[in-house]
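Shown next, in structure tokens, is the structure this report addresses.
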Amino acid sequence: MARQGENGASREAEFPAPAPTGPGRAGQVPRLALGAGVALALLLAAIRAVILSPQLAGAGVVQAAAMVAGGVLQDWLVAAALSGLVWAIWLWRGNTRLARAALLGIGSLLLLLALANVRAVTMLDGPVTLDWLAYANLGNSTFMLTSVASELTLPRILAALGLLAAYLGLAYLFAAHGDRLHLRRVAPMALAISALLALTGPSGAPGRVANPVIAFVVSAFSPAPGSATVTTALGGGASLRDKAEFAGLRATALPRPAGDVAAIRNVVIYVMESVGIQVATGYGGDFEMTPNFARLADEMGLRFSDIYAHAPASNYSLVSLIAGIEPDLWSKSMTVGRDDLPIVGLPTLLETRAMRTAYFNSNDKRFQNAGGFAERAGFDLVLDSHEWDCALGGMQYTGTDEPLDKKHDFCTVAEVMKWIDSDPATPFFVTLWTGMAHYPYFAGPNPVSYVENQNQNDYLNAIRVIDEGLGMLVEDLRQRELLDSTLIVVLGDHGEAFGEHGQYGHATGLWEENMRIALAFLNPRLFPGGETARMIGGIPDVPATITDLLGLATPPSWHGQSFFAEGRHQGVFLFSPWGGFRTGFRVGDRKFIFNANTGEALLYDLAADPRERVNLAETDPAALEQSMKDLASWVVWQTAYRSGFAEGTVSANPVAGPVDIIIRASGTSYLSAPRMRLYLDGEVLTSIEVVNALSNAEAVVSDAALRASFSNYPFRANSPSCPKVLEIEFLNDEWAGEGQTGDTDLFVERVTFAGVNYYPNRFRLVTPNAGGQFFGLYRMSRKGLFAVDLALPPLCLAGAVGAL
Numbered sequence: 030m031a032r033q034g035e036n037g038a039s040r041e042a043e044f045p046a047p048a049p050t051g052p053g054r055a056g057q058v059p060r061l062a063l064g065a066g067v068a069l070a071l072l073l074a075a076i077r078a079v080i081l082s083p084q085l086a087g088a089g090v091v092q093a094a095a096m097v098a099g100g101v102l103q104d105w106l107v108a109a110a111l112s113g114l115v116w117a118i119w120l121w122r123g124n125t126r127l128a129r130a131a132l133l134g135i136g137s138l139l140l141l142l143a144l145a146n147v148r149a150v151t152m153l154d155g156p157v158t159l160d161w162l163a164y165a166n167l168g169n170s171t172f173m174l175t176s177v178a179s180e181l182t183l184p185r186i187l188a189a190l191g192l193l194a195a196y197l198g199l200a201y202l203f204a205a206h207g208d209r210l211h212l213r214r215v216a217p218m219a220l221a222i223s224a225l226l227a228l229t230g231p232s233g234a235p236g237r238v239a240n241p242v243i244a245f246v247v248s249a250f251s252p253a254p255g256s257a258t259v260t261t262a263l264g265g266g267a268s269l270r271d272k273a274e275f276a277g278l279r280a281t282a283l284p285r286p287a288g289d290v291a292a293i294r295n296v297v298i299y300v301m302e303s304v305g306i307q308v309a310t311g312y313g314g315d316f317e318m319t320p321n322f323a324r325l326a327d328e329m330g331l332r333f334s335d336i337y338a339h340a341p342a343s344n345y346s347l348v349s350l351i352a353g354i355e356p357d358l359w360s361k362s363m364t365v366g367r368d369d370l371p372i373v374g375l376p377t378l379l380e381t382r383a384m385r386t387a388y389f390n391s392n393d394k395r396f397q398n399a400g401g402f403a404e405r406a407g408f409d410l411v412l413d414s415h416e417w418d419c420a421l422g423g424m425q426y427t428g429t430d431e432p433l434d435k436k437h438d439f440c441t442v443a444e445v446m447k448w449i450d451s452d453p454a455t456p457f458f459v460t461l462w463t464g465m466a467h468y469p470y471f472a473g474p475n476p477v478s479y480v481e482n483q484n485q486n487d488y489l490n491a492i493r494v495i496d497e498g499l500g501m502l503v504e505d506l507r508q509r510e511l512l513d514s515t516l517i518v519v520l521g522d523h524g525e526a527f528g529e530h531g532q533y534g535h536a537t538g539l540w541e542e543n544m545r546i547a548l549a550f551l552n553p554r555l556f557p558g559g560e561t562a563r564m565i566g567g568i569p570d571v572p573a574t575i576t577d578l579l580g581l582a583t584p585p586s587w588h589g590q591s592f593f594a595e596g597r598h599q600g601v602f603l604f605s606p607w608g609g610f611r612t613g614f615r616v617g618d619r620k621f622i623f624n625a626n627t628g629e630a631l632l633y634d635l636a637a638d639p640r641e642r643v644n645l646a647e648t649d650p651a652a653l654e655q656s657m658k659d660l661a662s663w664v665v666w667q668t669a670y671r672s673g674f675a676e677g678t679v680s681a682n683p684v685a686g687p688v689d690i691i692i693r694a695s696g697t698s699y700l701s702a703p704r705m706r707l708y709l710d711g712e713v714l715t716s717i718e719v720v721n722a723l724s725n726a727e728a729v730v731s732d733a734a735l736r737a738s739f740s741n742y743p744f745r746a747n748s749p750s751c752p753k754v755l756e757i758e759f760l761n762d763e764w765a766g767e768g769q770t771g772d773t774d775l776f777v778e779r780v781t782f783a784g785v786n787y788y789p790n791r792f793r794l795v796t797p798n799a800g801g802q803f804f805g806l807y808r809m810s811r812k813g814l815f816a817v818d819l820a821l822p823p824l825c826l827a828g829a830v831g832a833l
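So in our numbering, spot 50 of the sequence shown is number 79, and the numbers just go up one at a time.
Shown next as structure tokens:
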């Protein structure tokens with residue numbers, strides 16, 4: 030019986046009974062929003078468990094709980110945000126159908142993205158980012174559709190449909206029974222507990238816990254991380270005076286070949302696409318697919334054990350191999366986005382030996398503008414697979430802009446030999462870039478069964494063909510009596526991963542399977558065979574070694590050093606900006622990898638742990654700290670070197686006449702301000718007094734005050750057509766004595782000559798013990814000379830080389 034109020038009215042009139050509840054009623058939208066949010070959260074958690082399964086294997090209960098909590102936290106925040114958004118739409122518009130459609134439609138899209146993220150993490154070791162899309166050329170609609178279509182296998186389509194059905198069913202189930210399950214209280218409590226657990230311990234690899242939506246939005250609206258970001262994340266660092274001094278290690282130069290170097294008239298570079306040490310015979314990997322490479326190295330070659338690509342991508346390795354430089358620290362290829370960059374290509378140098386030059390690519394030269402870069406680097410002839418027929422087949426993609434076409438590598442070898450036969454009396458330089466082992470892999474006819482995984486099996490068959498193609502090339506040269514007079518360089522451009530560290534492909538990781546490559550120099554007159562050089566180096570060292578063997582001068586713009594050079598560096602700098610901005614290095618047996626986006630640090634001892642399983646960064650804080658400082662120092666050095674090269678403009682047709690020179694300098698002053706005298710190719714140009722130098726007669730000058738005091742000292746001077754060296758002489762060292770602050774020193778930050786900037790890492794000390802690099806500056810603390818070796822334009826360089 031109804032109770033009466035003071036005025037006798039029924040309480041039912043004040044609080045009417047609720048409207049019938051069903052998913053289609055307006056009053057049910059908040060319940061559906063909550064139910065769908067919980068359903069989405071549970072399904073996202075299940076998907077995240079699949080992604081984290083490699084990390085969960087063998088983990089303790091507490092650690093596993095922390096990993097799962099950290100892994101699902103971002104997913105649950107996205108689910109909660111969806112519920113809140115739909116509730117807000119309903120309150121704002123009052124449109125039940127719109128709210129319900131948004132809830133189910135957006136929730137389904139988020140689930141499909143999460144399912145796709147399983148594949149992305151497997152391939153990229155993290156979610157898809159804007160940088161990765163730019164690298165992968167997905168702006169090409171044909172390529173994008175082809176790539177997506179290749180991933181839509183029947184099992185994945187069925188899994189996606191089942192996931193959507195589960196979402197819809199659970200959403201309505203929880204909406205109808207949410208009150209009984211106390212979801213209004215349970216859902217916030219679960220989110221809070223997840224957040225607390227996530228703070229108690231490691232949550233696994235950062236790329237495996239990132240929600241794909243959050244990761245992509247952050248990458249789209251944040252500036253792309255570059256060297257400044259890396260250096261800041263690493264805690265800063267001083268630039269190196271010289272790469273060879275990094276970590277105090279210098280390499281012992283290899284003994285020069287005892288054979289007849291003068292007999293070498295031809296050079297062939299054979300690039301084995303995606304051949305890392307794990308598939309090259311003789312390197313102790315899981316598969317030995319290159320018996321011809323090993324046989325030839327044993328018969329007439331010098332093999333190298335510890336050579337790396339600087340970035341795990343073909344177009345970056347092309348720049349290193351042909352222009353002798355380490356690529357820029359950014360996600361856009363230098364073959365595409367740096368057409369303004371002045372380079373001195375290996376073909377330009379070898380043309381001074383009257384060599385005709387050609388570049389043959391089994392792939393599509395349009396991919397990342399490889400053909401355009403080869404032309405700019407000086408090749409006379411640049412051809413790709415579109416320009417010859419091949420009875421052995423290939424892979425042809427539809428669409429006029431598709432950049433992934435390729436043909437069988439045997440046919441490329443045959444085309445190279447036709448080109449050589451067209452003018453057999455003229456010396457030649459040819460680069461043959463194979464293509465079958467680049468994803469998507471082309472196994473060729475009659476593939477052999479090596480492993481169950483189809484992609485990996487196709488890859489291994491492609492490597493087998495590439496190696497057989499090398500054997501064919503060498504035998505063809507032998508039959509034409511050209512082998513003795515030809516230096517053959519065989520190398521991989523990067524490696525390829527197949528789950529060794531939970532990722533596949535090559536472009537995102539810096540592990541050994543991504544970066545370490547096979548390399549051998551072959552010639553029966555130069556090398557006795559059977560020797561392995563255990564020297565650490567990178568692809569830019571290859572062209573420098575070629576020019577060294579041929580007696581040609583190495584251009585100042587090149588990073589690389591000959592393997593036969595005295596005091597060369599004993600380390601290599603690594604980076605990959607596409608799956609988190611990763612940088613790293615290997616020096617000696619120490620391998621360090623740092624992700625500037627996530628802060629993840631990996632440190633390995635390759636002598637004790639060649640497969641990079643034990644992360645010493647977790648157990649040795651002192652070693653981690655030192656590695657962070659070392660990497661910061663290397664990044665600063667790398668950036669200064671590259672920026673000095675990149676900012677300059679080198680004239681292709683040098684003309685003698687007036688030239689603008691700017692010395693950016695400061696210093697400390699005791700009895701008088703620092704003075705310097707400048708010489709160009711030995712001729713006196715001018716003398717300069719550094720009037721902005723700070724007095725330290727009474728007190729030490731702070732570093733901040735010194736760096737703020739730099740000024741430009743510009744002047745114009747007459748220059749010869751091909752100036753080679755600018756020398757700066759410090760004239761008036763003055764010192765108050767031991768324990769006194771007074772000291773006259775000269776500091777130079779930068780020299781600009783004819784629009785080209787030269788930084789301290791390019792300066793060369795002439796007077797022993799007079800000065801050197803000082804935290805990014807060049808300091809002269811004693812009277813003496815230092816020199817700036819000026820970059821020679823190609824025509825000047827050709828003249829200088831031709832005179833050797």
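Cβ coordinates follow ideal geometry from the N, Cα and C atoms, glycine included.
**Secondary structure of residue 560, DSSP reduced to three states** = In the sequence shown, residue 560 corresponds to position 531, counting from 1. The answer is strand: DSSP assigns residue 560 an E or B state.
**Message:** According to DSSP, simplified to helix, strand and coil, what is residue 746?
**Reply:** Position 717 of the sequence shown, counting from 1, holds the residue named residue 746. In the structure shown, residue 746 sits in a strand (DSSP, three-state: E or B).
**Request:** Determine the direct distance from the alpha carbon of residue 566 to that of residue 617, and round the result to whole angstroms.
**Result:** Position 588 of the sequence shown, counting from 1, holds the residue named residue 617. Position 537 of the sequence shown, counting from 1, holds the residue named residue 566. C-alpha separation (whole angstroms): 11 Å.
**Prompt:** For residue 298, which residues of its own chain have a beta-carbon under 6 Å away from its beta-carbon, when the five flanking residues on both sides are left out?
**Reply:** As a first step, residue 298 must be located in the sequence shown, where it is residue number 269. Only 460 and 518 meet the Cβ criterion.
**Message:** Just to confirm the assignment, what range does the alpha helix (DSSP H) spanning residue 293 have?
**Reply:** Residue 293 sits at position 264 when you count from the first residue of the sequence shown. Neither: residue 293 is in no alpha helix (DSSP H) and is coded neither H nor E.
**Item:** Per DSSP, the bridge partner or partners of residue 776
**Value:** As a first step, residue 776 is located in the sequence shown; it is residue number 747 there, counting from the start. For residue 776, which the question treats as bridged, DSSP gives the partners 695 and 808.
**Asked** Measuring CB to CB, does residue 705 end up less than 8 Å from residue 758?
**Response** Here residue 705 refers to the residue found at position 676 of the sequence shown. Here residue 758 refers to the residue found at position 729 of the sequence shown. Yes, the Cβ-Cβ distance between residue 705 and residue 758 is below 8 Å.
**Message:** Nearest by alpha-carbon distance to residue 316: which of 703, 542 and 714 is it?
**Reply:** In the sequence shown, the residue the question calls residue 316 occupies position 287. Out of 703, 542 and 714, 542 has the C-alpha closest to the C-alpha of residue 316.
**Asked** Can you name, in chain order, every residue of its own chain whose Cβ lies under 6 Å from the Cβ of residue 644, other than the five neighbours on each side?
**Response** For the purposes of this step, residue 644 is taken as residue 615 along the sequence shown, with counting starting at 1. Around residue 644: 631.
**Prompt:** Whole beta strand (DSSP E) runs in the region 478–521 with 3 or more residues, listed along the chain?
**Reply:** For the region 478–521, whole beta strand (DSSP E) runs of length 3 or above, ordered along the chain, are 515–521.
**Message:** For a test of the three-state rule: what should DSSP assign to residue 436, helix, strand or coil?
**Reply:** Taking the first residue of the sequence shown as position 1, residue 436 is located at position 407. Correct three-state label for residue 436: strand.
**Asked** In whole angstroms, what is the alpha-carbon distance linking residue 695 and residue 612?
**Response** As a first step, residue 695 must be located in the sequence shown, where it is residue number 666. As a first step, residue 612 must be located in the sequence shown, where it is residue number 583. The straight-line gap separating the alpha-carbon atoms of residue 695 and residue 612 is approximately 33 Å.
**Request:** Spatial neighbours of residue 498 within its chain, please: CB distance less than 6 Å, with the 5 preceding and 5 following residues excluded, ordered by chain position.
**Result:** Taking the sequence shown and counting its residues from 1, one reaches residue 498 at position 469. Counting only Cβ-Cβ distances below 6 Å, and skipping sequence neighbours, we find 438, 439 and 442.
**Request:** Determine, using beta carbons only, whether residue 746 comes closer than 8 Å to chain C.
**Result:** Here there is only one protein chain, and chain C is not present.
**Message:** I'd like the ranges of any beta strand (DSSP E) spanning at least 3 consecutive residues and lying wholly in the region 362–432.
**Reply:** Contiguous beta strand (DSSP E) elements confined to the region 362–432 occur at 385–390 and 410–413, taking only those with 3 or more residues.
**Message:** Would residue 794 and residue 805 be called neighbours here (beta carbons separated by less than 8 Å)?
**Reply:** Walking along the sequence shown from the start, residue 794 turns up at place 765. Walking along the sequence shown from the start, residue 805 turns up at place 776. No.
**For residue 690, the three-state DSSP class (helix, strand or coil)** = Translated into positions along the sequence shown, residue 690 becomes position 661. Reduced to three states, the DSSP call for residue 690 is strand.
**Item:** Burial state of residue 186 (16 or more Cβ within 10 Å)
**Value:** Position 157 of the sequence shown, counted from the first residue, corresponds to residue 186. By the 10 Å Cβ count, residue 186 comes out exposed.
**Prompt:** Is there contact here, the region 284–296 with the region 548–557, by at least three beta-carbon pairs under 8 Å?
**Reply:** yes
**8 Å contact criterion, which residue 391 and residue 462 should meet: CB distance rounded** = The residue you call residue 391 lines up with position 362 of the sequence shown. The residue you call residue 462 lines up with position 433 of the sequence shown. Indeed, because the Cβ distance is near 7 Å, the residues count as touching under 8 Å.
**residue 798 to residue 601 span [Cα, whole Å]** = For this step, residue 798 is matched to residue 769 along the sequence shown. For this step, residue 601 is matched to residue 572 along the sequence shown. Whole-angstrom Cα-Cα distance: 28 Å.
**Item:** Secondary structure of residue 299, DSSP reduced to three states
**Value:** For the purposes of this step, residue 299 is identified with residue 270 of the sequence shown, where counting begins at 1. Three-state DSSP puts residue 299 in a strand.
**Asked** What did DSSP end up calling residue 339 once you bin it into helix, strand or coil?
**Response** Here residue 339 corresponds to residue number 310 of the sequence shown, with the count starting at 1. In this structure, residue 339 counts as coil in the three-state DSSP scheme.
**Item:** Buried or exposed by the 16-neighbour rule on C-beta atoms within 10 Å, applied to residue 769
**Value:** Along the sequence shown, read from residue 1 onward, the residue named residue 769 stands at position 740. Counting Cβ neighbours within 10 Å, residue 769 comes out exposed, since fewer than 16 surround it.
**Residues bridged to residue 612 (per DSSP)** = Translated into positions along the sequence shown, residue 612 becomes position 583. Partner(s): 604 and 623.
**Prompt:** Distance, Cα to Cα, residue 745 vs residue 691?
**Reply:** Looking up residue 745 in the sequence shown gives position 716. Looking up residue 691 in the sequence shown gives position 662. C-alpha separation (whole angstroms): 9 Å.
**Message:** Tell me whether the region 483–493 and the region 326–335 touch, counting them as touching only if at least three CB pairs, one residue from each stretch, are closer than 8 Å.
**Reply:** The answer is no - the region 326–335 does not touch the region 483–493, with fewer than three Cβ pairs under 8 Å.
**Request:** Can you tell me which of the three DSSP states residue 663 falls into?
**Result:** Counting from one through the sequence shown, the residue named residue 663 turns up at place 634. Correct three-state label for residue 663: helix.
**Prompt:** Exposed or buried, which one is residue 117 when buried takes at least 16 other CB atoms within 10 Å?
**Reply:** Taking the sequence shown and counting its residues from 1, one reaches residue 117 at position 88. Label assigned to residue 117: exposed.
**Request:** Answer yes or no: do residue 464 and residue 302 have a C-beta to C-beta separation smaller than 8 Å?
**Result:** By one-based count along the sequence shown, residue 464 stands at place 435. By one-based count along the sequence shown, residue 302 stands at place 273. Yes, they are a contact pair.
**Prompt:** Going by DSSP, what residues sit across from residue 763 in a beta bridge?
**Reply:** For the purposes of this step, residue 763 is taken as residue 734 along the sequence shown, with counting starting at 1. 773.
**Item:** Helix, strand or coil at residue 446 [DSSP, three-state]
**Value:** Reading the sequence shown from its first residue, position 417 is the one you call residue 446. Residue 446 falls in the helix class under three-state DSSP.
**Asked** Where do the ends of the alpha helix (DSSP H) carrying residue 329 lie?
**Response** Residue 329 sits at position 300 when you count from the first residue of the sequence shown. Note, residue 329: alpha helix (DSSP H), 320–329.
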